[in-house]
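Taking our numbering, the leading residue of the sequence shown gets 29, the next gets one more, and so forth. Take a look at the structure set out below.
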Amino acid sequence: MSIKSMHHVGITVSDLAAAVAFFEALGMELEGKAHMEGEFVDGVIGLDGSVSEIAMLKTPDERYRIEFSQFRTPRSVDGSSDAPINALGLRHVAFVVDDLDATLTRIKPHGAEVVRNVETYQEMLKTCYVRGPEGILIELCEYFR
29 MSIKSMHHVG ITVSDLAAAV AFFEALGMEL EGKAHMEGEF VDGVIGLDGS
79 VSEIAMLKTP DERYRIEFSQ FRTPRSVDGS SDAPINALGL RHVAFVVDDL
129 DATLTRIKPH GAEVVRNVET YQEMLKTCYV RGPEGILIEL CEYFR
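As structure tokens, then:
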């Protein structure tokens, strides 16, 4: 038996509304929101008495999802949101965009900051890393075809 598909990536945030607004500005679509608590949830995630709000966003092609969670209890702990790209663990989420410059303009009001430069590789690709809400690293790529 093997994996059938990837369902989603989960990211814990302290401001769910800001994360949703940022990723909607990036072009993702809100699939749904839910309040999460109870024995079932505690049993799955391994935290007793957990209470959280979640939002599931999907890419326009509906192939990929990111689930954002904001915990009311227990309080979230800092997971090194300022860590550099070479730190161990999950470091970034990458998206292909149709117009990198327009995308950067659209997400800047939501706190997006280019990590260093927008670079072009051999007239094939324009790319950059962006820090979004909570320090989430996002790689944006525009391919020239």
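Using N, Cα and C, we set each Cβ at its ideal position, and we do this for glycine too. Just so it is clear, the structure is predicted and the values come from calculations on it, not from any experiment.
Unbroken alpha helix (DSSP H) run spanning residue i, endpoints
{"i": "G71", "result": "E67 to I73"}
{"i": "R134", "result": "L128 to I135"}
{"i": "F50", "result": "L44 to L54"}
Same chain, Cβ closer than 6 Å to residue i, neighbours up to 5 away in sequence not counted
{"i": "F99", "result": "S80"}
Best match in the options for proximity to residue i [C-alpha to C-alpha]
{"i": "E147", "options": "L168, V121, G74 and I135", "result": "L168"}
{"i": "G163", "options": "E141, M64 and C156", "result": "E141"}
Expected contact under 8 Å - CB spacing of residue i and residue j to nearest Å
{"i": "K154", "j": "L132", "result": "The Cβ separation is near 11 Å, so there is no contact."}
{"i": "V125", "j": "E170", "result": "6 Å"}
{"i": "S78", "j": "E65", "result": "6 Å"}
Contacts around residue i, its chain only, beta-carbon distance under 7 Å, and the 5 residues preceding and following it disregarded
{"i": "R6", "result": "Outside the modelled stretch of the chain, which goes from 29 to 173, sits residue 6, for which no answer is possible."}
{"i": "A49", "result": "H138"}
Residue i Cβ short of 7 Å to the ligand FMN heavy atom set
{"i": "S104", "result": "With respect to the ligand FMN, the structure offers nothing, as it holds no ligand at all."}
Range covered by the beta strand (DSSP E) that runs through residue i
{"i": "K154", "result": "L153 to R159"}
{"i": "R100", "result": "R93 to T101"}
{"i": "V38", "result": "The question names Val, but residue 38 is Gly in the sequence shown. Note, G38: beta strand (DSSP E), V37 to T40."}
Neighbourhood of residue i by C-beta distance below 8 Å, restricted to the same chain and skipping five residues each side
{"i": "P88", "result": "G55, M56 and E57"}
Would you check if the stretch 78-89 and the stretch 40-60 touch, i.e. whether three or more CB-CB distances between them fall below 8 Å? Judged by pairs of C-beta atoms under 8 Å, the stretch 40-60 touches the stretch 78-89, as three or more such pairs exist.
Any chance the stretch 34-47 sits against the stretch 91-98, with 3 or more Cβ pairs inside 8 Å? Yes: at least three Cβ pairs fall under 8 Å.
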